[in-house]
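The sequence shown begins at 70 in my numbering and counts up one residue at a time.
All C-beta atoms in this analysis are idealised placements derived from N, C-alpha and C, irrespective of residue type, glycine included.
Nothing here was measured: the structure is a model prediction, and the numbers come from that model.
To keep things clear, I will list the structure first and then write my remarks on it.
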Amino acid sequence: MPRLFVAIRPPAFVRERLLSIMDGISAARWQSEDQFHLTLRFIGEADRRVANDVHTALQGVRHPPFEIALHGLGTFERRGTPAALWAGVTQHQPLRELHKKVDQACQRAGLPPERRAYLPHVTLARLNRASGPVAPVIEGMGGFTTAPFAVDVFHLYESILSSGGSHYVIIETYRLK
């Protein structure tokens, strides 16, 4: 069964900016440029019927285009140890509204509501106990930020797992209007 999620793909200039800061943490598994995305809703494994229902529901999402920028770096921790390094997002409100509409569409397709708090971010690296210190990298970046960029589409992705990590494929695109 395909493993699905809904996300925004940052434009090329933002992806290039992210690539330019990805250094300085030993044993980090850095994301590749084609893995950069800002998740709106994780769906998980879905059979063809559910995938079709999600697609149909997402076609009905209505939201005006908006602008956001990436700002700040942080980590998610697992048992007190950094597990992921991420870039945060400014101007959350339009993004949060879109997230809510996407979640409601997924519920109309028969999925349970998202239970986790929504923290918009772009994952830069996966970390483990062997990874070097993260704090100096975050401090060294100071006020990491990107120029604002327009969000006028979002995508339904399939995550394909392999021994080399996940590979993400856009399977549908939805225009904001």
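Query - Backbone secondary structure at H161 - three-state DSSP - result: The answer is helix: DSSP assigns H161 an H, G or I state.
Report task. Check whether the Cβ atoms of T242 and F223 sit closer than 9 Å, and answer yes or no. Result -> The answer is yes: Cβ separation under 9 Å.
Query - Nearest residue (CA-CA) to F213, options G141, R148 and Q104 - result: If we check each option's Cα against that of F213, G141 comes out closest.
Query raised in the report: Of the choices L188, I240 and F111, whose alpha-carbon is the least far from that of G157?
Result: For the options L188, I240 and F111, the alpha carbon positioned closest to that of G157 is the one of L188.
Query raised in the report: Going straight from the alpha carbon of A219 to that of E136, what length do you get?
Result: When rounded, the separation of the alpha-carbon atoms in A219 and E136 is 4 Å.
Query raised in the report: What's the C-alpha gap between G233 and R165?
Result: Here the alpha carbon of G233 sits roughly 32 Å from the alpha carbon of R165.
Query - Cα-Cα separation between F74 and L225, rounded to whole angstroms - result: F74 and L225: Cα-Cα distance of roughly 6 Å.
Query - Unbroken alpha helix (DSSP H) run spanning G234, endpoints - result: Going by DSSP, G234 is part of no alpha helix (DSSP H) but of the beta strand (DSSP E) stretching over G234 to R244.
Query raised in the report: Among S228, E114 and V203, which has the Cα closest to the Cα of G143?
Result: If we check each option's Cα against that of G143, V203 comes out closest.
Query raised in the report: Which word fits T215, buried or exposed, when buried means at least 16 other C-beta atoms lie within 10 angstroms of its C-beta?
Result: The Cβ neighbour count for T215, taken over all protein chains shown within 10 Å, is at least 16; the residue is labelled buried.
Query raised in the report: Among the residues of its own chain, which have a CB less than 6 Å from the CB of L230, if the five just before and after it don't count?
Result: Short of 6 Å from the beta carbon of L230, and not among the five residues preceding or following it, lies no beta carbon of its own chain.
Query - Backbone secondary structure at I77 - three-state DSSP - result: Strand.
Report task. Just tell me which of R84, R147 and L196 has its CA closest to the CA of L139. Result -> The shortest C-alpha separation from L139 is found at R84.
Query raised in the report: Is the distance from the Cβ of L180 to the Cβ of I112 below 9 Å?
Result: Cβ atoms of L180 and I112: closer than 9 Å.
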